[in-house]
Amino acid sequence: MLNRHPLRRWEWITAVGILLLAAFLRLHAPGITEFKRDEATLSRLALNLAQGEDFPVLGIGSSVGFPNSPINVYLLAIPYAAGNNPI
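So the sequence shown is numbered by the working numbering: it starts at 83 and just counts up by one.
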């Protein structure tokens with residue numbers, strides 16, 4: 083039988099604090115994030131998926147020549163499903 087014990091209060095506070103700090107650092111200044119060819123291609127693929135035009139089985143190309151997994155496309159399609167602007 084597994085020894086299961088609930089997380090202590092300080093563990094919850096620490097975990098929530100780390101998540102809040104990470105969210106703040108990621109979202110406080112969206113204009114400083116680079117948006118180049120790779121990001122544009124990823125956005126186009128996600129928008130096409132959200133609009134039902136295409137279902138990619140491969141993601142964008144990588145620097146070593148192998149395509150990435152399409153999971154990034156699938157995840158980015160979620161906000162695109164709500165509208166054309168993912169922000």
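Even glycine gets a Cβ: it sits at the ideal position worked out from N, Cα and C. All values derive from a computational prediction rather than experimental measurement.
Please report the distance separating the alpha-carbon of residue i from that of residue j.
| i | j | result |
| --- | --- | --- |
| H110 | V146 | 32 Å |
| I153 | T96 | 29 Å |
| S125 | H87 | 43 Å |
| A128 | P149 | 16 Å |
| E93 | D136 | 43 Å |
| E116 | R90 | 39 Å |
| V139 | V155 | 10 Å |
Of all Cβ atoms in chain D, is any one closer than 8 Å to the Cβ of residue i?
| i | result |
| --- | --- |
| Q133 | Absence of chain D from the displayed structure is noted, only one protein chain being present. |
Would you give the residue range spanned by the alpha helix (DSSP H) that residue i belongs to?
| i | result |
| --- | --- |
| L127 | 119-132 |
| D108 | In the sequence under discussion, the amino acid at residue 108 is Arg, which differs from the Asp named in the question. Segment 91-109, the alpha helix (DSSP H) holding R108. |
| L158 | 153-164 |
For the putative contact between residue i and residue j, defined by C-beta atoms under 8 Å, what is the C-beta separation to the nearest angstrom?
| i | j | result |
| --- | --- | --- |
| S223 | G143 | Residue 223 lies beyond the range of the chain shown here (83 to 169); nothing can be said about it. |
The region 123-135 touching the region 153-167, judged by at least three CB pairs closer than 8 Å:
yes
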